[in-house]
Amino acid sequence: MKRYFAYIVILLFIGCSEKSPKESEFKPPEDGKITPEMVDAYVNASKYLMEAIALQEKEIEKFVHRHKIGDDLSEFSDSTYCNKHPQVLKAWQRLQERWSKFEFAAYKKAPISEAEFNWIGGALTDTVNKAIQIQIAQKLKEIIRE
Numbered sequence: 007m008k009r010y011f012a013y014i015v016i017l018l019f020i021g022c023s024e025k026s027p028k029e030s031e032f033k034p035p036e037d038g039k040i041t042p043e044m045v046d047a048y049v050n051a052s053k054y055l056m057e058a059i060a061l062q063e064k065e066i067e068k069f070v071h072r073h074k075i076g077d078d079l080s081e082f083s084d085s086t087y088c089n090k091h092p093q094v095l096k097a098w099q100r101l102q103e104r105w106s107k108f109e110f111a112a113y114k115k116a117p118i119s120e121a122e123f124n125w126i127g128g129a130l131t132d133t134v135n136k137a138i139q140i141q142i143a144q145k146l147k148e149i150i151r152e
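Residue numbers (our numbering): 7 to 152.
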């Protein structure tokens, strides 16, 4: 349960990172079709993001233990707690900044922009990309088994 909560918390912060230089260059194809190059970049980025999530999950677990807060991080929605523990909030902010760097590095290493990654994720639900959807799902299953 802890692991899935950590993934959810981390995924909430995807999209809040600095933009890659390639970000402004991405223009979705007019036909809405995902290309083979996009498949490779999307799968690679997914792999690197999963690795980053695993690292961040460990950091969140350490953070929770170190600061003696609940696994659900509900303390951050309690203004009294936040006012009494500004150092914990600063540590949490640093942890989130670190996540942004991990995420940016994953996109850069893939190489893909966040905008392209997000577009592909959405385009996978379109019927025009049904075969690609199956291909990507298979590749991601293989990565998860590794």
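The beta-carbon is built from N, C-alpha and C at its ideal position, and this holds for glycine as well.
Just so we're clear, the structure is a prediction, and the values are computed from it rather than from any experiment.
{"Check": "Is N135 buried or exposed, if buried means 16 or more other CB atoms sit within 10 Å of its CB?", "Outcome": "buried"}
{"Check": "Just the C-alpha distance for K96 and T41, rounded to the nearest angstrom, thanks.", "Outcome": "42 Å"}
{"Check": "Assign P137 to buried or exposed, taking buried as 16 or more other Cβ atoms, counted over all protein chains shown, within 10 Å of its Cβ.", "Outcome": "Here the sequence assigns Ala to residue 137, which means Pro is not the residue at that position. Exposed: under 16 other Cβ atoms inside 10 Å."}
{"Check": "What I want to know is whether the C-beta of A111 ends up closer than 7 Å to one or more non-hydrogen atoms of the ligand FMN.", "Outcome": "With respect to small molecules bound, the structure shown includes none, and the ligand FMN cannot be examined in it."}
{"Check": "Decide if the region 72-84 is in contact with the region 140-152; the criterion is three or more beta carbon pairs, one per stretch, under 8 Å apart.", "Outcome": "no"}
{"Check": "At the level of alpha carbons, what is the spacing between A112 and W98?", "Outcome": "21 Å"}
{"Check": "Kindly indicate which residue of A129, N50 and S119 has the alpha-carbon position closest to the one of E153.", "Outcome": "Residue 153 cannot be examined here, being either before or after the span of the chain that is shown, 7 to 152."}
{"Check": "Applying the 10 Å Cβ sphere with the 16-neighbour rule, what's the burial state of Q62?", "Outcome": "buried"}
{"Check": "Helix, strand or coil for G128, going by three-state DSSP, please let me know.", "Outcome": "helix"}
{"Check": "By how many angstroms is the C-alpha of I75 removed from the C-alpha of E103?", "Outcome": "20 Å"}
{"Check": "Identify whether T41 lies in helix, strand or coil by the three-state DSSP scheme.", "Outcome": "coil"}
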